[in-house]
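Peer 1:
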Amino acid sequence: MFSTGIRPQDSLARQCGLVTAERGGIVINKQCQTSDADIYAIGECASWENRVYGLVAPGYKMARVVAAHLCDQPAEFDGADMSAKLKLLGVDVGGLGDAHGRTPGCRSYIYLNENQEVYKRLIVSADNRLLLGAVLVGDTSDYANLLQLMLNGIELPENPDQLILPAYAAGESRVMGVDKLPDSAQICSCFDVSKGTIIKAIADGCHTVAALKATTHAGTGCGGCIPLLTQVLNSELTRQGIEVTHHLCEHFPYSRQELFHLIRVGQIKTFDALLRQYGKGYGCEVCKPAIASLLASAWNDYILQPALVPLQDSNDNFLANIQKDGTYSVIPRSPGGEITPQQLKVIGEVATEFSLYSKITGSQRIALFGVQKDDLPEIWQRLLDAGFETGHAYAKALRMAKTCVGSRWCRYGVGDSTGLGVMLENRYKGIRTPHKMKFGVSGCTRECAEAQSKDIGVIATEKGWNLYVCGNGGMKPRHADLLAADLDQATLVRYIDRFMMFYLRTADKLQRTSVWLESLEGGIDYLRKVIIDDHLNMAQQAEEDLRLLREKYHCEWRETLDTPETRVRFHHFVNSPQRDMLVQMVPEGQQHRPAIPEERIPVALQEDK
Numbered sequence: 001m002f003s004t005g006i007r008p009q010d011s012l013a014r015q016c017g018l019v020t021a022e023r024g025g026i027v028i029n030k031q032c033q034t035s036d037a038d039i040y041a042i043g044e045c046a047s048w049e050n051r052v053y054g055l056v057a058p059g060y061k062m063a064r065v066v067a068a069h070l071c072d073q074p075a076e077f078d079g080a081d082m083s084a085k086l087k088l089l090g091v092d093v094g095g096l097g098d099a100h101g102r103t104p105g106c107r108s109y110i111y112l113n114e115n116q117e118v119y120k121r122l123i124v125s126a127d128n129r130l131l132l133g134a135v136l137v138g139d140t141s142d143y144a145n146l147l148q149l150m151l152n153g154i155e156l157p158e159n160p161d162q163l164i165l166p167a168y169a170a171g172e173s174r175v176m177g178v179d180k181l182p183d184s185a186q187i188c189s190c191f192d193v194s195k196g197t198i199i200k201a202i203a204d205g206c207h208t209v210a211a212l213k214a215t216t217h218a219g220t221g222c223g224g225c226i227p228l229l230t231q232v233l234n235s236e237l238t239r240q241g242i243e244v245t246h247h248l249c250e251h252f253p254y255s256r257q258e259l260f261h262l263i264r265v266g267q268i269k270t271f272d273a274l275l276r277q278y279g280k281g282y283g284c285e286v287c288k289p290a291i292a293s294l295l296a297s298a299w300n301d302y303i304l305q306p307a308l309v310p311l312q313d314s315n316d317n318f319l320a321n322i323q324k325d326g327t328y329s330v331i332p333r334s335p336g337g338e339i340t341p342q343q344l345k346v347i348g349e350v351a352t353e354f355s356l357y358s359k360i361t362g363s364q365r366i367a368l369f370g371v372q373k374d375d376l377p378e379i380w381q382r383l384l385d386a387g388f389e390t391g392h393a394y395a396k397a398l399r400m401a402k403t404c405v406g407s408r409w410c411r412y413g414v415g416d417s418t419g420l421g422v423m424l425e426n427r428y429k430g431i432r433t434p435h436k437m438k439f440g441v442s443g444c445t446r447e448c449a450e451a452q453s454k455d456i457g458v459i460a461t462e463k464g465w466n467l468y469v470c471g472n473g474g475m476k477p478r479h480a481d482l483l484a485a486d487l488d489q490a491t492l493v494r495y496i497d498r499f500m501m502f503y504l505r506t507a508d509k510l511q512r513t514s515v516w517l518e519s520l521e522g523g524i525d526y527l528r529k530v531i532i533d534d535h536l537n538m539a540q541q542a543e544e545d546l547r548l549l550r551e552k553y554h555c556e557w558r559e560t561l562d563t564p565e566t567r568v569r570f571h572h573f574v575n576s577p578q579r580d581m582l583v584q585m586v587p588e589g590q591q592h593r594p595a596i597p598e599e600r601i602p603v604a605l606q607e608d609k
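Quick note on full-length UniProt numbering: the sequence shown kicks off at 1 and runs consecutively.
Quick look at the structure:
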């Protein structure tokens, strides 16, 4: 079954008596007003001159017209470019301008490669000077270049066919550089951002793609302009003589990725050794935790051994998240959200005995808040004895694999999402990554585990599993991209192994997978080449490296409790057994919370006798 195009949702307008078009859609004028001048319509539900626009860019353009009209400013909607680049059933396709060649006197150039399943067609003006449209199937790498030629009316080369011929046949001049684009050239069609606007932002200090996105909004719509945006950035920085470095800090003239390779190749296992060979000075609060993360990612050694303790940040230092009042939280691992009645009982007993606030988190785990530092070892001993492990809630690592009950219990489930989620969480637990990671596994397309908002999302299908990557549900939500569809479980795990190691090796410090993907030139298409096609010839090594990291897994709290000299670190004072007397709680509902300043009772500190 195939579905093409869109159908305007105009039933409400019909019920209200608004005029609708014969083929659907709410009829609007050039100010986007409906037949009732007090009602506006924009986007796919609107019909302008018997045409419905099913893309995001025309919707934004209509919105700008409405906003201007509401502010008594002159503005008219006069149509919009419907060029688009998509992926249909795994095939890259693109169309722009007069794709059907209906302009009188136009000419066509066609390139067909049946072996590689690539078809390209250029439609040019009768005098061979201007590009009128194009169709691209199987390879859309020329899309951005051709779109700029068409939109800006740039004169074509003497032989236009070189624009769609393979590089080996067309020569070096087939791609027009961004330097030739006028400042008025539209780089981002979603938000109508010109090359001139981007250049100004670069001159004002935006020297990264992320900074340009935040300032100009270019690349924050469909994302199709990011490669061109990156080209403009690189070209302009070169023209201005600006060298942008990715050094970790002033003590290490290397990027995180470069340092990771140096650590691996040189078998370096301490900060001091790395500093002696490749750094200078004494280090700082930027490089020390970053190097701690790199060493953990490379070797997965115990992070509280004497040589590594000084590098850890406040959470890793005590294997717990420090809270606003100086107490800590304890969050044991519950793989896939599974927990036994006996384990629930132990958590309840611990929370009661130590007067802790208890809460079910968004990651299907139970958290205990208000733990004093010197109680951490005893609490974790009780939890470990009940079969729990550290949940790494304090670490830049895999936090959890959120699951629905799947086919085990749900009448809609088509896959065992719980079983797969438990396996995945246990497979990747404890591996330190550039930032925290979250997994989600749903047993059907109803998506109860919200897998498409996770760094790794898996959804069961009738044929296997769909794999989604680089989603984020946090401060800047991002819908995950489909990496591959209908995978068997062995292939699914193999792709996740490769993804994990590629992210671990190449991401910047504290870079979430969502931001990392946007920084990759080529985006999700490039990632598919690396993960699925083994474009970098790294798949076998990545799978082996991950196997070695898994073999070195250890529960950090188990190792801590088995090391008497490490347990001593959890005393609140080095020279006294006293607890932190400044911690105060007040009742809240059926539990309690930290006291705010006006609720606190003055405490007289007593000298230890």
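Ideal placement from N, C-alpha and C gives every residue a C-beta, glycine not left out.
Does DSSP classify Cys287 as helix, strand or coil?
Peer 2: Here Cys287 sits in helix by DSSP.
Peer 1: May I have the straight-line CA-CA distance separating Thr197 from Pro182, to the nearest angstrom?
Peer 2: Roughly 11 Å separates the two Cα atoms.
Peer 1: Just tell me which of Ala386, Gly94, Asn152, Asp127 has its CA closest to the CA of Pro104.
Peer 2: When only C-alpha atoms are compared, the closest one is Asp127.
Peer 1: Does the stretch 189–204 come within contact of the stretch 216–223, defined as at least 3 CB pairs closer than 8 Å?
Peer 2: Yes, since at least three Cβ pairs between the stretch 189–204 and the stretch 216–223 fall closer than 8 Å, the two stretches touch.
Peer 1: Would you report the Cα separation of Asp204 and Ala367, rounded to the nearest angstrom?
Peer 2: Going from the Cα of Asp204 to the Cα of Ala367 covers about 45 Å.
Peer 1: If His207 and Ile242 are in contact, beta carbons under 8 Å, what's the gap, nearest whole angstrom?
Peer 2: His207 to Ile242, Cβ: 7 Å. Contact.
Peer 1: Please go through the stretch 286–341 and give each complete beta strand (DSSP E) segment of 3 or more residues, from N-terminal end onward.
Peer 2: The qualifying runs are 328–330.
Peer 1: Using a Cβ-Cβ cutoff of less than 7 Å, which residues in the same chain neighbour Asn321 once the five nearest sequence positions on both sides are dropped?
Peer 2: Asn315, Tyr328, Ser329, Ala393, Tyr394, listed in sequence order.
Peer 1: Would you check if the distance between the CB atom of Lys396 and the CB atom of Arg365 is smaller than 8 Å?
Peer 2: Against a cut-off of 8 Å, the Cβ pair of Arg365 and Lys396 comes out as no contact.
Peer 1: Check each candidate in Asp313, Ser519, Ala542 and name the one with the smallest Cα separation from Leu212.
Peer 2: The shortest Cα separation from Leu212 among Asp313, Ser519, Ala542 belongs to Ser519.
Peer 1: Beta-carbon separation of Ala185 and Gln231 under 8 Å?
Peer 2: No, the Cβ-Cβ distance between Ala185 and Gln231 is not below 8 Å.
Peer 1: Taking DSSP as the reference, what is the three-state secondary structure of Leu482?
Peer 2: In the structure shown, Leu482 sits in a strand (DSSP, three-state: E or B).
Peer 1: Among all the DSSP beta bridges, which residues are the ones paired with Lys120?
Peer 2: DSSP, once it has assigned bridges, lists Tyr111, Leu136 as partnering Lys120.
Peer 1: My output table needs one value for Gly279: the three-state DSSP class, helix, strand or coil.
Peer 2: Looking at Gly279 - three-state DSSP - the assignment turns out to be coil, as it is neither helix nor strand.
Peer 1: Just the C-alpha distance for Gln323 and Leu275, rounded to the nearest angstrom, thanks.
Peer 2: C-alpha separation (whole angstroms): 32 Å.
Peer 1: Tell me which residues share the same chain as Glu462 and place their Cβ nearer than 7 Å to its Cβ, disregarding the 5 neighbours each side in the sequence.
Peer 2: The residues are Val414.
Peer 1: Quick check: the Cα distance between Ser453 and Glu447, rounded to an integer number of angstroms?
Peer 2: So the two alpha carbons sit approximately 10 Å from each other.
Peer 1: Evaluate contact between the stretch 401–419 and the stretch 593–601, counting only Cβ atoms and requiring at least three cross-stretch pairs below 8 Å.
Peer 2: Cβ pair count under 8 Å is below three, so no.
Peer 1: Along the chain, where does the beta strand (DSSP E) containing Phe439 start, and where does it finish?
Peer 2: Element bounds for Phe439: 437–442.
Peer 1: Just the Cα atoms here: how many angstroms apart are Leu136 and Gln116?
Peer 2: Distance between the alpha carbons of Leu136 and Gln116 is about 13 Å.
Peer 1: Between Gly79 and Asp161, what straight-line distance do the alpha-carbon atoms span, to the nearest angstrom?
Peer 2: Computed Cα separation, rounded: 29 Å.
Peer 1: In the DSSP assignment, find the alpha helix (DSSP H) that holds Ile198 and state where it starts and stops.
Peer 2: Run containing Ile198: 195–203, per the alpha helix (DSSP H) assignment.
Peer 1: For the pair the stretch 30–41 and the stretch 65–78, tell me if three or more CB-CB distances fall below 8 Å.
Peer 2: Contact between the stretch 30–41 and the stretch 65–78 is present, because at least three Cβ pairs lie under 8 Å.
Peer 1: If contacts are defined as beta-carbon pairs under 8 Å, then Tyr553 and Lys429 qualify, I think. What distance do you get, rounded to the angstrom?
Peer 2: Confirmed, Cβ separation roughly 7 Å.
Peer 1: Using the three-state DSSP reduction, which class does Trp465 fall into: helix, strand or coil?
Peer 2: Here Trp465 sits in strand by DSSP.
Peer 1: Tell me whether Asp179 sits in a helix, a strand or coil according to DSSP, three-state version.
Peer 2: Of the three classes helix, strand and coil, the one that applies to Asp179 here is helix, per DSSP.
Peer 1: Using DSSP's beta-bridge definition, name the partner residues of Lys402.
Peer 2: DSSP output for Lys402 lists Gly440 as bridge partner(s).
Peer 1: Compute the Euclidean distance between the alpha carbons of Ser442 and Gly336, then round it to the nearest angstrom.
Peer 2: Each residue's alpha carbon lies about 11 Å from the other.
Peer 1: I think Leu517 touches Leu492, with their Cβ atoms under 8 Å apart; what is that distance to the nearest whole Å?
Peer 2: Between Leu492 and Leu517 the Cβ distance is about 19 Å, and since that is not below 8 Å, they are no contact.
Peer 1: Can you give me the Cβ contacts of Cys16 inside the same chain, cut-off strictly under 7 Å, excluding the 5 residues immediately before and after it?
Peer 2: Excluding residues within five positions, none has a Cβ falling inside 7 Å.
Peer 1: Given that a residue counts as buried once 16 or more other Cβ atoms are within 10 Å of its Cβ, and exposed if not, what is Ile601?
Peer 2: Exposed, since its Cβ has fewer than 16 Cβ neighbours within 10 Å.
Peer 1: Hey, how far is the Cα of Pro74 from the Cα of Val65?
Peer 2: So the two alpha carbons sit approximately 8 Å from each other.
Peer 1: Alpha helix (DSSP H) containing Gly59: first to last residue?
Peer 2: Run containing Gly59: 56–70, per the alpha helix (DSSP H) assignment.
Peer 1: What do you reckon, are the CB atoms on Ala134 and Leu151 nearer than 8 Å?
Peer 2: No. Outside cutoff.
Peer 1: Of all the options Ser255, Glu250, Tyr109, which has the alpha carbon lying nearest to the alpha carbon of Thr506?
Peer 2: With distances taken between Cα atoms, Thr506 lies closest to Ser255.
Peer 1: At what residue ranges does the stretch 533–608 contain a whole run of the beta strand (DSSP E), taking only runs of 3 or more?
Peer 2: Correct list: 585–588, 591–594.
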